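Working notes, structure below.
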Amino acid sequence: MCLIVLKTGDVIGEWKKEEWIKTNYVEPDRDMMDLGNAKEWASHSERRATLASRLQRNDNLPQDLSLVQILYDYDDVFATADKELSQTNLVGHEIDTGDSKPIK
Numbered sequence: 006m007c008l009i010v011l012k013t014g015d016v017i018g019e020w021k022k023e024e025w026i027k028t029n030y031v032e033p034d035r036d037m038m039d040l041g042n043a044k045e046w047a048s049h050s051e052r053r054a055t056l057a058s059r060l061q062r063n064d065n066l067p068q069d070l071s072l073v074q075i076l077y078d079y080d081d082v083f084a085t086a087d088k089e090l091s092q093t094n095l096v097g098h099e100i101d102t103g104d105s106k107p108i109k
């Protein structure tokens, strides 16, 4: 153990006043899909049309008709809101962290 003796007037650190820039950004407490009111679909085709329009708005995806066909064939597996998402215990995984301790 190292013993340090401080005397009156010894400088042990410096303090500066920091200026913080206040942003206009507000972190939502929910996902962006759920910020609006919950949607009750009038018909199956209305839900499909909503999914298709979201797909078409994504500029990073190729505008391919096969994507739309997959969406229509399997539309029940795509969520339109977080409340439609669920959990499963059918799949498990392990992450080998070696000798590293877990981080909380």
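First residue of the sequence shown? That's 6 in our numbering, and the numbers climb one at a time after it. The C-beta atom is built at its ideal place from N, Cα and C for all residues, glycine as well. Just so you know, these numbers come straight off a predicted model, no measurement behind them.
How far does the alpha helix (DSSP H) with Ser-48 in it extend, from its first residue to its last? Element bounds for Ser-48: n/a, residue is neither H nor E.
Simplified DSSP assignment, three categories, for Ile-75: helix
Spatial neighbours of Thr-55 within its chain, please: C-beta separation below 7 Å, excluding the five flanking residues on both sides. Thr-85
Report the three-state DSSP secondary structure of Thr-93 (helix, strand or coil). Three-state result, Thr-93: coil.
Contact belief for Asp-80 with Arg-53 at Cβ below 8 Å, rounded distance in angstroms: Contact between Asp-80 and Arg-53 holds: their C-beta atoms lie close to 5 Å from each other, under 8 Å.
Can you give the Cα-Cα distance for Thr-102 and Ala-57, rounded to whole angstroms? 40 Å
Length of the line joining the Cα atoms of Asp-15 and Leu-8: Taking the straight line from one Cα to the other gives about 15 Å.
Cβ shell of Tyr-77 (< 7 Å), same chain only, five flanking positions each side left out: Arg-53
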